[in-house]
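Contents: one structure, followed by commentary.
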Ligand SMILES: NC(=O)c1ccc[n+]([C@@H]2O[C@H](COP(=O)([O-])OP(=O)(O)OC[C@H]3O[C@@H](n4cnc5c(N)ncnc54)[C@H](O)[C@@H]3O)[C@@H](O)[C@H]2O)c1
Ligand SMILES: NC(=O)c1ccc[n+]([C@@H]2O[C@H](COP(=O)([O-])OP(=O)(O)OC[C@H]3O[C@@H](n4cnc5c(N)ncnc54)[C@H](O)[C@@H]3O)[C@@H](O)[C@H]2O)c1
Ligand SMILES: [Zn+2]
Ligand SMILES: [Zn+2]
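Residue numbers (UniProt numbering), protein chains in the order written: chain A, 1 to 374; chain B, 1 to 374.
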């Protein structure tokens, strides 16, 4: 409306649950309009965190007012620890107290934490309300807001409770990323690089030459977000409930989640994307040790992660880490376990990852012990 | 195996989520075998309540042992108040502590309370585990175990939090109903009668002549359970997520739920099926008042409910009831509300119920005020 508003549209094809992802600058200003077009007559409840509230809530609320979208707002603390049962329960209760109905919408304005939590809430209140994602971190725009995985953490591990609940609409306003801390921007970038490492060597190569434009907010940023969303949408459309190849999206994540668990989700020490960065490097190194991945590919991955300022080694995590047994436990509890066999994403080199169900505990333990420097 | 074991099979047709309901006497004894056939290699966790544990858990565990099905057992208190957030959270946590995986199964052994709660738990742990229903009340066998609706209550109303999560198998052992209290048996019978009242006048007529065989455990019991399951399966197959005609299954339930809410789910005062019995009578009386339902049909409904010993009037609920405003609030919060319009199941007579979206608050309030005797 007020500013230039061209958006790229990526469709997630899921039959009668298909939905569009809109990607572009200043989309927040037309969110009200987009929501009332897509969900006419729905009331809404915006869920956001303290940090995003201060920076971007006003723009969203003004756009809702302009479009005549009824809304209430619920605010949660910022940070990974917000993805817990107690807050989940409170949000469910608050939404019921607002007397919203099944046709009304929960609007997540925030990063992956707000999105995962709000998605889970919207999936269970009245057995499923409408859901809209307005991701405000790079990580959420390229990954967590797309695909319908929602959830919270448990003391037994990350994302162990949740549902598959697809949004009706995703609005990725790439200009809101301008306020993101460099650290959180880098963390999200790890997931962008992931799409190259999974099955798209040309994209990884493009990133090696163009990452600076992504960080500085050039046109490369919108291109990278759109490319990533397309990559994720294709995987999700082919395997919505993660019975097969969707697991590829977890490249680096079994290691990464165990690291996040090891620091008890203390985001001062490690955020998700940093865990993924280290985890992807470990996946390449472990694959190399198994004779699967060429050494030069591992080197390229490390070099690129270092170039953008992401950690690549466990010893870069500040503070004491728990003993190897804790790691093995966390890995065994990770949701990518199937009938006692570890399901690991291994790789034959950049862009040639695959799901391996034959990894056994001993070589993994030996590999990790060495990496932990014990 | 040991005793005569003929089972009737009713299939719930839901594409790749289709599943069989087995109905017959002494099925508990072959539950292990049925589960290991249907879910080979799955470990299980049995969830049951204190009462059912004492009566029937041993038979189930022995059958699991005989069939080599690995199991753990979690026990919750008996009664409607068990369907609450705190217990839901504990069960999720306990199952994660058992390190069960997505391919493992939660087995609900109990009435609708255990089934609804366990179904919700199995729907969210690791974003959805396998689920098996072994309903042990008449209500659960003919209604709650079939169709995939799961959930818990909230202080804002009944079943307001939950998911749709279909079981992989339902085993309805009609001989376990022999230990059910007459009161709980009658309560379940209200849901059996419901299928006649919705759209099956011949079945209602059959019930008027055959109800004694159902209560005494004659062959009529298995016939009635199978007929009810078929009726429910047909509705569910046509409208899994309750976007249309599935709402017919809620005949009597908006009134019934408001009565349950009014006594704060104190099952000493009112159990679900009793609320449904009074609710169905109210639905006929209200429809009669609106000139829709012939007076003689209302009379027949009342006469039959009285014959089997079910309550038909609000004043049969012991103790003080809240004021009319509380009822109107509870009705408005009931999940069958859509965009502010009350969705009510009304009837043009026995077996001709329909979904009415035009009921407004005033006549309803006047009708209820009269019934509350104020
Ligand atoms: N559902 C999925 O498929 C999926 C996929 C990947 C990751 N995840 C989850 O996503 C979470 C991580 O997401 P995240 O990195 O976005 O974390 P986050 O939501 O905690 O955001 C990171 C920080 O950035 C702040 N922030 C958000 N938007 C901002 C903005 N525009 N400007 C300034 N600050 C802003 C937040 O307040 C927070 O402090 C993890 O819990 C992870 O498990 C889920
Ligand atoms: N999910 C659905 O589609 C659906 C449909 C209808 C009702 N419901 C729910 O079902 C619940 C009511 O179910 P219910 O009436 O089975 O209640 P319930 O589970 O509380 O069982 C009633 C009582 O019978 C006892 N019991 C169970 N089996 C027994 C047996 N074989 N012998 C002796 N005692 C036994 C229980 O311990 C309990 O005390 C309500 O919460 C209602 O909302 C759900
Ligand atoms: Zn991730
Ligand atoms: Zn019922």
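Glycine included, every Cβ here is placed at the ideal spot set by N, Cα and C.
Task: residue 35 of chain A and residue 75 of chain A closer than 9 Å at C-beta - done: no
Helix, strand or coil, according to DSSP, for residue 3 of chain B in the structure here?
Here residue 3 of chain B scores only 49 on pLDDT, less than 50, and its place in the model should not be relied on; the value that follows carries that caveat. Residue 3 of chain B falls in the coil class under three-state DSSP.
Report task. With a threshold of 16 other CB atoms inside 10 Å of the CB of residue 6 of chain A, please say whether the residue is buried or exposed. Result -> exposed
#### Entry: Reduced DSSP category for residue 263 of chain A - H, G, I as helix; E, B as strand; rest coil
coil
> Are the C-beta atoms of residue 168 of chain B and some chain A residue less than 9 Å apart?
Replying inline: False, the Cβ-Cβ gap to chain A never drops below 9 Å.
Going by DSSP in three states, residue 242 of chain B sits in which element: helix, strand or coil? coil
Where residue 94 of chain A meets chain B, residues with beta-carbon distance less than 7 Å: Here the premise fails: no neighbours, minimum Cβ distance about 10 Å.
Query raised in the report: For residue 144 of chain A, is the beta carbon positioned less than 8 Å from some heavy atom of ligand 3?
Result: yes
inquiry  = Does any residue of chain B have a CB that is nearer than 9 Å to the CB of residue 124 of chain A?
reply    = yes
Next item on the list: Output, in chain order, the set of chain B residues within a Cβ distance shorter than 8 Å of residue 149 of chain A.
Entry: 127
What residue does the alpha helix (DSSP H) around residue 181 of chain A start on, and which one ends it? It is not in any alpha helix (DSSP H) - residue 181 of chain A carries neither H nor E in the DSSP assignment.
What residues in its chain sit with their C-beta under 7 Å from that of residue 150 of chain A, if we drop five residues either side in the sequence?
116, 119, 120, 123, 162, 163, 165
* Taking all protein chains shown into account, do 16 or more other C-beta atoms lie within 10 angstroms of the C-beta of residue 178 of chain B, making it buried, or fewer, making it exposed? -> With a threshold of 16 other beta carbon atoms within 10 Å, residue 178 of chain B falls short and is exposed.
Would you decide whether residue 183 of chain B is buried or exposed? Buried here means 16 or more other CB atoms lie within 10 Å of its CB. exposed
Residue range of the unbroken alpha helix (DSSP H) whose run includes residue 209 of chain A: 201 to 216
**Prompt:** What residue range is occupied by the uninterrupted alpha helix (DSSP H) comprising residue 59 of chain A?
**Reply:** 58 to 67
Could you list which residues in chain B have their beta carbon closer than 7 Å to that of residue 99 of chain A, in chain order?
333
* **Positions along the segment 66 to 89 of chain B whose CB lies within less than 8 Å of some CB in chain A** => 85, 89
**Prompt:** Is it true that the segment 126 to 143 of chain B meets the segment 151 to 159 of chain B, where meeting means three or more beta-carbon pairs spaced less than 8 Å apart?
**Reply:** Not touching, per the Cβ criterion.
_DSSP three-state assignment for residue 15 of chain A, whether helix, strand or coil_ = helix
**Study point:** Span separating the alpha-carbon of residue 168 of chain B from that of residue 71 of chain B
**Key:** Rounded to whole angstroms, the gap between the alpha carbons of residue 168 of chain B and residue 71 of chain B is 17 Å.
Opposing strand residues paired with residue 152 of chain A [DSSP bridges]
A/161
Among A/148, A/204, A/114, whose alpha-carbon lies nearest the alpha-carbon of residue 350 of chain A?
Taking only the C-alpha atoms, the option nearest residue 350 of chain A is A/204.
With DSSP collapsed to three states, give me the class of residue 109 of chain A. strand
Using a Cβ distance threshold of 8 Å, determine whether the segment 254 to 269 of chain B contacts the segment 24 to 41 of chain B, with at least three qualifying pairs required. As far as the Cβ criterion goes, the segment 254 to 269 of chain B does not touch the segment 24 to 41 of chain B, which means the pair count is below three.
- What residues from chain B crowd round residue 119 of chain A, counting only those whose CB sits closer than 7 Å? What residue 119 of chain A touches in chain B: nothing, since even the nearest Cβ is about 11 Å away.
### Query
Between which two residues does the beta strand (DSSP E) containing residue 363 of chain B stretch?
From DSSP, residue 363 of chain B is part of no beta strand (DSSP E) but of the alpha helix (DSSP H) over 361 to 371.
Q) Where does residue 360 of chain B land, buried or exposed, given buried means 16+ other C-beta within 10 angstroms? A) exposed
Beta-carbon separation of residue 318 of chain A and residue 269 of chain A under 9 Å?
-> yes
Where residue 172 of chain A sits in the DSSP three-state scheme
strand
(message) Looking at chain A, is there any beta carbon in it that lies within less than 9 Å of the beta carbon of residue 439 of chain B?
(response) Outside the displayed span of chain B (1 to 374) sits residue 439 of chain B, for which this structure offers no information.
Q) First and last residue of the beta strand (DSSP E) that includes residue 72 of chain A? A) 71 to 76
Would you call residue 12 of chain B buried or exposed, if buried means 16 or more other Cβ atoms sit within 10 Å of its Cβ?
buried
Query - Outcome for residue 135 of chain A when other beta-carbon atoms lying within 10 angstroms are tallied against a minimum of 16 - result: buried
Per DSSP, what kind of secondary structure is residue 323 of chain A in: helix, strand or coil? coil
Buried versus exposed, by CB contacts within 10 Å (16 or more), residue 108 of chain A: buried
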